[in-house]
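Single-structure report; data block below.
In the working numbering, the protein residues as written are 390 to 618.
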């Protein structure tokens, strides 16, 4: 089937956003006197759980008996504050796209392909990244945005990729997914998509042998070669 669309994960795939996320989490934790601080190694482990609120719950589950426990409502409120802080970090321009991303999207659009996002993160974070890296709104960069706060189950469930396909009005065989994590790869494959993986600084220790293609970056990827995957 003819290639008609490219579907991108966001965090770690379009840009190495995770350090900005980690900084925002730690700032919020400090503001509220939680005594939580996520190191890079902590965050690498926590990223195996998809979703920011879910990571907070996972961290909390490992705390010693007697430690303060947050309610779901408190976690949601802190995560909302963290999302706003993350947006402020990106608004200062403290993020760049990974090599090859902008060029691939430009060439795809010029070739008449549609470009979509299927991400575990939320819509405001996608918007913040688009403003930071492209200087325009997400709807001006992507034809479709499908986000984790719009589906019942997050990656590795296929829900968000299925939502992107539904909004594109395309079959999986006409699209290729771009991911950086094992959970993302499983999600894409679960939706019937072929997947290209570019490991990020937080996922370079994961096994991507099931991917159709694994490359260090998206630089120089040929659209015709992608169609043949």
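Glycine residues also receive a C-beta, built at the ideal position from the N, C-alpha and C atoms.
Owing to the predicted nature of the structure, the values given are computational and were not obtained by experimental measurement.
Quiz item: By how many angstroms is the C-alpha of residue 457 removed from the C-alpha of residue 465?
Solution: Looking at the two C-alpha atoms, the distance is approximately 16 Å.
Exercise. May I ask which residues mark the beginning and end of the beta strand (DSSP E) holding residue 508?
Key: It spans 503 to 508 - the beta strand (DSSP E) in which residue 508 sits, taken as one unbroken run.
Quiz item: How many Å lie between residue 566 and residue 585 at the Cα?
Solution: Going by the C-alpha atoms only, they are around 6 Å apart.
Exercise. Please report the residue range of the beta strand (DSSP E) in which residue 418 lies.
Key: Element bounds for residue 418: not the beta strand (DSSP E) but the alpha helix (DSSP H), 407 to 420.
Practice problem: Mind the definition here: the stretch 520 to 531 touches the stretch 549 to 557 only if three or more C-beta pairs lie below 8 Å; say whether that holds. | Solution: The stretch 520 to 531 makes no contact with the stretch 549 to 557: fewer than 3 CB pairs, one atom from each, lie closer than 8 Å.
Quiz item: Measuring CA to CA, which of 425, 608, 568, 613 is closest to residue 596?
Solution: Considering only alpha carbons, the answer is 568.
Self-check item: Meets three-Cβ-pair contact criterion under 8 Å: the stretch 607 to 615 and the stretch 435 to 450
Solution: By the criterion of at least three beta-carbon pairs nearer than 8 Å, the stretch 607 to 615 is not in contact with the stretch 435 to 450.
Quiz prompt | Local conformation of residue 496 per DSSP, three classes | solution = It is helical.
Quiz prompt | Reference residue 469; option with closest CA among 538, 424, 403 | solution = Taking only the C-alpha atoms, the option nearest residue 469 is 538.
Quiz item: Who does residue 564 pair with in a DSSP beta bridge?
Solution: Bridge partners of residue 564: 394.
Exercise. For residue 391, I'd like the list of residues in its chain whose CB is within less than 7 Å of its CB, leaving aside the five on either flank, ordered along the chain.
Key: Around residue 391, the same chain offers 563 as residues with beta carbons nearer than 7 Å, after the five sequence neighbours per side are excluded.
Quiz prompt | 8 Å contact criterion, which residue 616 and residue 557 should meet: CB distance rounded | solution = That belief does not hold up - the Cβ atoms of residue 616 and residue 557 are roughly 16 Å apart, past 8 Å.
Quiz item: Just curious, the beta strand (DSSP E) that residue 535 is in, first and last residue?
Solution: 533 to 536 is the extent of the beta strand (DSSP E) around residue 535.
Quiz item: Is it right to say residue 445 is buried, meaning 16 or more other beta carbons lie within 10 angstroms of its own, or is it exposed?
Solution: Classification for residue 445: buried.
Practice problem: Using the DSSP secondary-structure output, state which residues sit across from residue 400 in a beta bridge. | Solution: DSSP output for residue 400 lists 404 as bridge partner(s).
Quiz item: For residue 500, which residues from the same chain have a beta carbon less than 8 Å from its beta carbon, with the 5 sequence-adjacent residues on both sides left out?
Solution: Non-local C-beta neighbours of residue 500 in its own chain, meaning closer than 8 Å and more than five positions away in sequence, comprise 612, ordered along the chain.
Exercise. Counting only runs of 4+ residues fully inside the stretch 553 to 614, write out the alpha helix (DSSP H) ranges in chain order.
Key: Counting whole runs of 4 or more residues, the stretch 553 to 614 contains the alpha helix (DSSP H) stretches 571 to 579.
Quiz item: In whole angstroms, what separates the C-alpha of residue 460 from that of residue 517?
Solution: If I take the Cα positions, the gap works out to 28 Å.
Quiz prompt | DSSP state of residue 486 mapped onto helix, strand, coil | solution = Strand at residue 486.
Quiz item: Should the stretch 473 to 483 be regarded as contacting the stretch 590 to 605, the criterion being three or more beta carbon pairs within less than 8 Å?
Solution: Flag = no, the stretch 473 to 483 and the stretch 590 to 605 do not touch.
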